[in-house]
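Asker: Pasting in a structure now, in structure tokens, and then I'll have a few things to ask.
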Amino acid sequence: MCRTFSFVIMNYGNISSTGQRFQAGYDTINSTNYFSIPLPDQNKLSKSSNVNVPGRWVFRVDGRSNEEIFYPYGDAEDEINPQSDDGSSPPIPLLQSFVYFGNTYDTIFVNNNGDLTFDKPLHQYNPDNFPAYSTRDIIAPLWTDINNGMEGTISYRQVTNGDILNRASKDINRYFPNLNFSASWVFIATWDKVPYYGYRESESTFQVVLVSDKKRSFTLMHYDYITYTQSAESGYDTNGSTVFYSIPVSDVTNLPYTSNVNVKGRWVFRVDNSSEVKGSCINTNSQALDSPSAAVCGIIPVNSSNGTVGGQNSSAVHWPWQASLYWYSGQTCGGSLINKEWVLSAAHCFNGQRNGFYLTVILGPKTQNKYDPSRISRSVKAVIKHPYYNPNTNDNDIALVRLSFPITFTDSIRPVCLAAEGSVFNSDTESWITTWRNISDGVPLPSPKIFQEVEVPVIGNRQCNCLYGVGSITDNMICAGLLKEGKDLCQGDSGGPMVSNQSSVWVQSGIVSFGSGCAQSEFPGVYTRVSRYQEWITYFTCSDPPGFVQFTSTGADPDYCYSCPGRPLLCNASAVVEQQKQLSAASISHNYMLSYFWLFLALASLFIM
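In UniProt numbering, the protein residues as written are 944 to 1552.
Laid out in structure tokens, this is it:
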């Protein structure tokens, strides 16, 4: 196949700021390939660049990488996989053991469908989304339905000396400069011009390279020309998904244009059991985030409208984290944006067949009009429900939704802060819920379906338990609503956020979970208590951590002494005062403990020195 080389050069002189929305970059039919120059204002174009020349942006647009990133392949040193649909190599004895997240392997399989496994071959052609929570360790540069029965070559080789080791050492030290790394073994697997099943004319070329010095392990994924396919997964996963990564692209044709090390078409990961790995995130020497989500969370733009209360029209700019989830073309649930590529929602929204396929997330619009200029949509890369979600009791009703591609924050799209572990929301804490859904039982939002907001107070768990039946409300839940008809859960999307304001920062306390009817008297809405899940949320989002805020309530909580009607009082007024003293004493005790801790460290350092 003969390929031409094509480039686009964009030059910028003096550009005046207009305050209007602008776009600079390129796009293709159906946005299979695109790039948006990431600047908040057009007057910065003349000083920006991706080639170190102010005012100049250069893009290669023929579909290949700018740098020759592929390691050698295709000559007599390669072993060739059998030409068969869904086939695999025989077990390949490794010339050196490979450590993969704590497990040591001496055998590997190169599977035709674009992945490597260690203990046995994998013939599965429909890929799992990572995290798969399976029992396999897998490295997947492009796991999809590949058929090399007629076209394409799948090859592999191992190297333990020579120039390739030197090249691998330089590459790893380039991205991990503090390691002083010297490679002793390299494994290269390449899928060259392989077609997808049923599409013989399609061709994709990609490669995965494993590098080790016997103790430290790395993988490099390289992408040349990738043709479109709907179902694919790129990244890696482990047994039980204790560690995983899914490359965040809107579709696979973007792989040659993306990178985590600033080299288009190359993704590099450390895959041993080192401190470079934190949860599902890998710390490489990639560029720093231009706008970390935690720094801008929960902040409303100064030019936003406050909207109105009681289920009335609102401004989308006032609640810029609100997300709407669409299943096929119909809205199914709400959610909240917590960083550039994750939305928080409820697990019950994904019961049945609602996985990542056919889901779309809408951000930014004031109405449900699909032509709203502030509207941005993303397909869904993965849905992660809490492993202990109980659909019968609604306990742990929380889920994370990963967007197919990160978004850029604007005035109408930015993340909410999350209640940190230990946050306290006393009864009557002022809270807000938002919606595009029904305004009462069986009554949908009328046209033009303008975004709605409603204010509700927190109701303590003791009182809420009395209303729903003792034992129904767990510590993982929080209740809110008026105990008279009119304002309650119906007016908030399932999965949508409940937020409260603290020092001009909006903090999400709850996720819409369940209720009894729509704003029924004596039945408040029940929400998932976000503060109980800080560690779980952070595990999956650590590459761009959400902003967690310690929310505090002043005074004693009246719910502390609440008793169900007809039952003896749990305490009297003096007990409320005692609770206040206990809270104060606990705080003082905590401060003393911190003081002793730092004193101990200081004394210990003297002995060490």
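All C-beta atoms in this analysis are idealised placements derived from N, C-alpha and C, irrespective of residue type, glycine included.
1) Does SER1454 pass the burial test, meaning 16 or more other C-beta atoms within 10 Å, or should it be called exposed?
2) Which of the three DSSP states, helix, strand or coil, is assigned to LEU1037?
3) Check for me: the alpha helix (DSSP H) holding GLU1478 runs from which residue to which?
4) Under 9 angstroms, do SER1112 and LYS1157 count as touching if we go by C-beta distance?
5) For a test of the three-state rule: what should DSSP assign to GLN1274, helix, strand or coil?
6) So, are the CB atoms of SER1288 and ALA1362 less than 9 angstroms apart?
7) In chain order, which continuous runs of the alpha helix (DSSP H) of length 4 or greater are located wholly inside the stretch 1085–1169?
8) Can you tell me whether SER1530 is buried or exposed, with buried defined as 16 or more other CB within 10 angstroms of its CB?
9) So what does ASN1333 bridge to, in DSSP terms?
10) Distance, Cα to Cα, VAL1137 vs THR1096?
11) The beta strand (DSSP E) spanning ARG1213 covers which residue range?
12) For THR1087, which residues from the same chain have a beta carbon less than 7 angstroms from its beta carbon, with the 5 sequence-adjacent residues on both sides left out?
13) Name the DSSP beta bridge partners of PRO1400, please?
14) Is DSSP giving LEU1306 helix, strand or coil here?
15) With distances taken from CA atoms, which of ASP1215, THR1196, VAL1214 is nearest LYS1207?
16) Can you list the alpha helix (DSSP H) stretches of 4 or more residues lying completely in the stretch 963–1002, in chain order?
17) Should TYR1301 go down as buried or exposed, given a rule of 16 or more other Cβ atoms within 10 Å for buried?
18) Just reading off the alpha helix (DSSP H) that SER1236 is part of, what are its end residues?
19) Taking 6 angstroms as the limit between beta carbons, can you name the residues of its chain near LEU1343, skipping five residues before and five after?
20) Which residue wins for smallest C-alpha separation from MET1093, given the options PHE1348, GLN985, ASP1135?
21) How would you label SER959, buried or exposed, when you count the other beta carbons within 10 angstroms and need 16 or more for buried?
22) Using only CA atoms, which one of THR1181, ALA1266, ASN957 lies nearest to ILE1376?
23) Give me the DSSP bridge partner(s) of ILE1081.
24) What residues match up with ASP1028 in a beta bridge as DSSP calls it?
25) Can the beta-carbon of PRO1074 be found closer than 9 angstroms to that of ALA1325?
26) Expressed to the nearest angstrom, what Euclidean distance is found between the alpha-carbon atoms of GLU1020 and ASN986?
27) Could you pull the DSSP bridge partners for ILE1421 from this structure?
28) Nearest-angstrom Cα distance between ARG1100 and LEU1122?
29) CB TYR1470 to CB MET1420, shorter than 9 angstroms?
30) When the Cα atoms are used, what is the spatial distance from TYR1168 to PHE1052?
31) Determine the contact status of VAL1186 and HIS1165, defining contact as a CB-CB distance below 9 angstroms.
32) Out of SER1366, GLY1458, GLN1451, which one is the CA nearest neighbour of GLY1424?
33) Using three-state DSSP, classify GLU1405 as helix, strand or coil.
34) Could you check how far apart the C-beta atoms of PHE1352 and ARG1321 are, in whole angstroms? I think they sit under 8 angstroms.
35) Could you tell me which residues DSSP pairs with TRP1449 in its beta bridges?
36) What residue does the beta strand (DSSP E) around ARG1357 start on, and which one ends it?
Answerer: On the basis of the coordinates in this document:
1) The question names Ser, but residue 1454 in the sequence shown is Ile. So ILE1454 ends up on the buried side.
2) strand
3) 1477–1484
4) no
5) strand
6) No, these two residues do not count as a Cβ contact at 9 angstroms.
7) Taking only runs of at least 4 residues, the alpha helix (DSSP H) segments lying wholly in the stretch 1085–1169 are 1106–1118.
8) Any answer about SER1530 is weak, because its pLDDT of 42 lies below 50 and its placement is not dependable; what the coordinates show is given next. Label assigned to SER1530: exposed.
9) ASP1338
10) 6 angstroms
11) 1209–1213
12) ASN1056, GLY1057, PRO1070, TYR1139, THR1172, SER1174, ALA1175
13) GLU1373
14) Three-state DSSP puts LEU1306 in a strand.
15) THR1196
16) Taking only runs of at least 4 residues, no alpha helix (DSSP H) segment lies wholly in the stretch 963–1002.
17) exposed
18) 1236–1239 is the span of the alpha helix (DSSP H), which, as asked, contains SER1236.
19) Short of 6 angstroms from the beta carbon of LEU1343, and not among the five residues preceding or following it, lie these beta carbons of its own chain, in chain order: TRP1285, ILE1327, PHE1483.
20) Proximity to MET1093 across PHE1348, GLN985, ASP1135 peaks at ASP1135, based on C-alpha coordinates.
21) That one is exposed.
22) ALA1266
23) THR1060, ASP1180
24) As DSSP reads the structure, ASP1028 sits in a beta bridge with ASN1090.
25) yes
26) 54 angstroms
27) TYR1470
28) Rounded to whole angstroms, the gap between the alpha carbons of ARG1100 and LEU1122 is 26 angstroms.
29) yes
30) 24 angstroms
31) no
32) GLY1458
33) The question names Glu, but residue 1405 in the sequence shown is Arg. ARG1405 falls in the helix class under three-state DSSP.
34) Rounded, the Cβ-Cβ distance is 14 angstroms, inconsistent with contact.
35) ASN1444
36) From DSSP, ARG1357 is part of no beta strand (DSSP E); its letter is neither H nor E.
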